[in-house]
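Protein chains in written order, with UniProt numbering: chain V, 1 to 332; chain D, 1 to 414.
Ideal Cβ placement from N, Cα and C applies to all residues, glycine included.
Everything numeric in this text was worked out from a predicted model, so none of it was measured.
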Amino acid sequence: MSAQIAARALTRGVGNLVLGVLALAALLCWPLLVDNVFYQRIGALVMLSALSASAWNLVGGYAGQISIGHVLFFGCGAYASLLGYTWFEWAPMVGAPVGIALSLLLATIVGTPTLRLKGHYFSMATIALAELARIIVVNSPVLGGGVGVSGPALPRSMADLSFISPVPYYYIFGGVLAVLLLFTWQMSRSRMGYYLRAIRGQERAARSLGVPAPRFKLYALLVSAGFTSLAGSLYATMVGFVDPDSGFGILLSVKMVIAAALGGAGTLFGPLVGAALLVPLEEFTNAMFGGGGTGITYVVYGAIIVFISRFAPGGLAEILTRLQAWRARRAG
Amino acid sequence: MKITRRPLLAAPALMLAGRAQAQGAPIKVGTLLPLTGVAASAGNSAKAAIELAVELVNTPRPDLASMPLMATTGFPAIGGRPLEVVIADQQGSPSVAQNQALRLITQERVVALTNGYQSGLAQTASAIAERHGIPYVNGESVATNLTERGFRWFFRTTPIGPDIAAIYVEFLKAARIDGRPVSKIAIVNENTEYGTSIADVIRRTAEQGGISIELQIPYAANSADVSAQVLQLKGAQPDVVIFISYTSDAILYARTMRAQGYRPPILIGDNSGFSDDNFVQTAGDIAQGLINRSAFDPSRPGSNSFKINALYKARTGREMDDTTARMMQGFLVACDAINRAGSTQPAAIQAALRATDLSADQLMIGYRGVKFDDKGQNTKASVLLVQLRGREYVSVWPTETATAQLQLPYKGWE
């Protein structure tokens, strides 16, 4: 009997491993398999969206602290990169550490007081700070004002990371994402991971068992802010332009939340899966219906999100779990 | 000129074939428009104009024979192949504009890109065209820096900041000579690339011309309320107010000023929002005497502008506004260059664009012509001033070309 269970677990383990290897191989080869530049760019955008959603996932998914102002950190990264170019003619990525440092500082400022509290204070503080940042930027000509700031119009050297093909961006974004996912995986198996899950489950109970909740929530926020800022810098490097709406717009925060929630918040690959569905959905609905000028793009896009939240509020991870449970019931 | 002979050759063919169909695979030109978001109204007006342009190119129109490609069918120099436009929605996002530019270039295989609307978006989309070596013809974005980037594939037909500022300042100087006070000037501008750059260049030109700008109020175009800004104006009592706005905010200002009963002696509403037919229809009645700039004056019967406007009106039920006309002209310049290139090779089209030399009578708009400098800027772009009467703009300045008498002060809702 136990041998049978062990064997079943083994086959499932091997099955998962094979599936994982296949998925990884597909991710690695994707841009080489499609020679279509537009699809390659969508691939790069998926990686970028997955990166910011995975970063959000650390604090929003694992620690259960819903931030709706994560664009604050994204904008810091994007602006640091392009302002570095505008002021000092730096290559855009040279500004990235500055953006990260600024994001860590802001994360500490917003996190230290609000993460001590339970409930929605943290969410509200993040929205407020992100909007505040947007308004400050809009009204500061030195930060580009409402006009925005541009990167180098034409690449000056390799350091500008300005490529004609989207493939290098795909691998750069994917590489950073891999580092983040590796960190998340390690963390979820370490003490910090257990602490965060305990906090998400029932913060009061976790605290009464001695979990230093505010401190670990802040740690999660700091890592999350750093990676989100890096995603912002990478975005700015690729697009070469950022204005208050594309850098600090609340819609971007919401997209991070949606991508993570769609795939399954608090799961390792949830945000990646969510981004892999949302970004192409957005691009293809726009490509198909956008030229008609009827605005149907958003109707289709919105309807799909509504359906998902109606029938699978836990995201795709939940559907997968349900499917597995159903199969196990049938097998049992 | 070859073009003047074409109608004679085309006319018999037209009689035989009726609506002759263009031959061969279509040649695709891409157009990026804001079809959703805050600028959707302008984008959809432009969409109708671009579709009209395609129809005009693809069917013989002897009545418009003075304009290139009109008397003939499709691209006569490329075997009469028809023109096809691929319209993409840039959603008002710099990143989406790039995605769509890339899609049009690599998926749809367009031979040229046109328009873009918001300056910031024309900027990011044209960067993609530049990297892929595809000609980009912009007909409407006015931010000066677009043609200062050293791009080799970017061309712009519209008058830009300095041209626009020059006509305003000339006008204000003339008003001062007429004895109207113009010592206190306020600029109210939306705070993105468009509003900021136009405001800056007006300020500089005005100060060089000995007129100082007393007050500048930047605001966000998506504001839901502008009463604070109007109160600020009411308090300062300037002699001249210059608005630089998009459509929804222009309407909001007109309504708020009506609600607060505020009317400056001279009110200038710079183009974009104030030219939009939506503004004229919804807020025109409370903004009588508003002065606007325009390059498009369809009020003279028999002119190309008049005919194009009539066709557009038959199609949409609306008058063509200046921004739409500039976008359509930009698109037509791209088509003309493709035909003169005699090929769909990007380099040949680029060379043809560089060699463009259209005269005023070959255009549908009031420029002195189209001829690009080394940076890709049209050196023959020009502007005139129009004034809102009823629900129409009439041209009032410079007086040599004006079709109506300038009326001051600003009437508003009276």
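Between the options, which has its C-alpha nearest residue i's C-alpha?
i	options	result
A250(D)	V240(D), V280(D) and Q260(D)	V280(D)
V386(D)	T196(D), G133(D), G210(D) and S294(D)	S294(D)
L182(V)	A55(V), A328(V), R207(V) and G290(V)	A55(V)
T403(D)	N309(D), R391(D) and P298(D)	P298(D)
A23(V)	G290(V), L272(V) and I135(V)	L272(V)
A231(V)	A107(V), R116(V), S81(V) and G201(V)	S81(V)
C76(V)	G64(V), E283(V), R8(V) and L106(V)	L106(V)
Y393(D)	R326(D), E319(D) and T282(D)	E319(D)
A221(D)	G261(D), G366(D) and G273(D)	G273(D)
S183(D)	N292(D), S245(D), Q123(D) and Q237(D)	Q237(D)
Y298(V)	N286(V), H120(V) and V46(V)	N286(V)
L267(D)	R258(D), T282(D) and I291(D)	I291(D)
G119(V)	P214(V), E89(V) and M192(V)	P214(V)
D336(D)	V38(D), A53(D) and L35(D)	A53(D)
A260(V)	P313(V), S188(V) and E131(V)	P313(V)
M288(V)	G43(D), Q90(D) and M257(D)	Q90(D)
M328(D)	A228(D), P60(D), I365(D) and T72(D)	I365(D)
S245(D)	V230(D), S227(D), A228(D) and Y219(D)	Y219(D)
Would residue i pass as an interface residue toward chain D - the criterion being a Cβ-Cβ separation below 8 Å?
i	result
N57(V)	no
L32(V)	no
F38(V)	yes
L154(V)	yes
V14(V)	no
V46(V)	no
V138(V)	yes
E131(V)	no
Y298(V)	yes
G61(V)	no
R197(V)	no
L253(V)	Sequence check: residue 253(V) is Ser here, not Leu. Judged by the 8 Å Cβ criterion, S253(V) is not in contact with chain D.
S246(V)	yes
I164(V)	yes
G295(V)	yes
Residues of chain V with a CB under 9 Å from the CB of residue i: which are they?
i	result
A166(D)	The premise fails here: A166(D) is roughly 22 Å from chain V at the closest Cβ pair, so nothing lies under 9 Å.
E84(D)	What E84(D) touches in chain V: nothing, since even the nearest Cβ is about 12 Å away.
A49(D)	Ordered by position in chain V, no residue passes the 9 Å Cβ test against A49(D), which lies about 12 Å from the chain.
N99(D)	F38, R41, I42, L45, E283, N286 and A287
Check whether the Cβ of residue i lies closer than 8 Å to any Cβ atom in chain V.
i	result
F155(D)	no
V111(D)	no
A250(D)	no
Q350(D)	no
G150(D)	yes
L52(D)	no
A129(D)	no
A39(D)	no
Using a Cβ-Cβ cutoff of less than 6 Å, which residues in the same chain neighbour residue i once the five nearest sequence positions on both sides are dropped?
i	result
P409(D)	P265
G151(V)	L82, Y85, P92 and G240
G30(D)	V86, L104, V110 and L113
I66(V)	G60 and S123
L221(V)	V59, A107 and G111
Which same chain residues, not among the five before or five after residue i, have their C-beta less than 8 Å away from its C-beta?
i	result
A198(V)	A205, A206, L209 and V211
A355(D)	R340
S197(D)	S119, V142, A143, T144, N145 and G161
W185(V)	L268
If the cut is a Cβ gap below 7 Å, which residues of chain D does residue i touch?
i	result
F241(V)	P94, G120, Q123 and T124
A287(V)	R103
I250(V)	Ordered by position in chain D, no residue passes the 7 Å Cβ test against I250(V), which lies about 12 Å from the chain.
S150(V)	Q123
How would you list, in chain order, the residues of chain V whose beta-carbon sits under 7 Å from the beta-carbon of residue i?
i	result
N278(D)	Result: empty, since nearest Cβ-Cβ is about 15 Å, beyond 7 Å.
I87(D)	G291
Q229(D)	Result: empty, since nearest Cβ-Cβ is about 13 Å, beyond 7 Å.
A42(D)	Here the premise fails: no neighbours, minimum Cβ distance about 11 Å.
Note down, in chain order, each residue of its chain lying with its Cβ closer than 7 Å to the Cβ of residue i, except the 5 sequence neighbours on either side.
i	result
A11(D)	Here the model assigns A11(D) a pLDDT of 43, short of 50, so the residue's position is not dependable and the matter cannot be decided.
Y301(V)	L281, E282 and T285
Chain D partners of residue i, CB-CB under 9 Å?
i	result
V147(V)	S119, G120, A143, N191, T192, E193, Y194, G195, T196 and S197
Start-end ranges of the alpha helix (DSSP H) lying completely within the segment 214-244 of chain V, minimum 4 residues: none
Which residue spans inside the segment 273-345 of chain D form an unbroken alpha helix (DSSP H) run of at least 4? 277-283, 304-316 and 322-341
Ranges of the beta strand (DSSP E) found wholly within the segment 127-197 of chain D, counting only runs of at least 3: 136-138, 154-156 and 185-190
Complete alpha helix (DSSP H) runs within the segment 190-241 of chain D (minimum length 4 residues, chain order): 193-208 and 227-236
What ranges does the alpha helix (DSSP H) occupy inside the segment 278-307 of chain V, keeping only unbroken runs of at least 4 residues that lie completely in it? none
Runs of alpha helix (DSSP H) lying entirely within the segment 87-168 of chain V, each at least 4 residues, in chain order: 96-114 and 121-138
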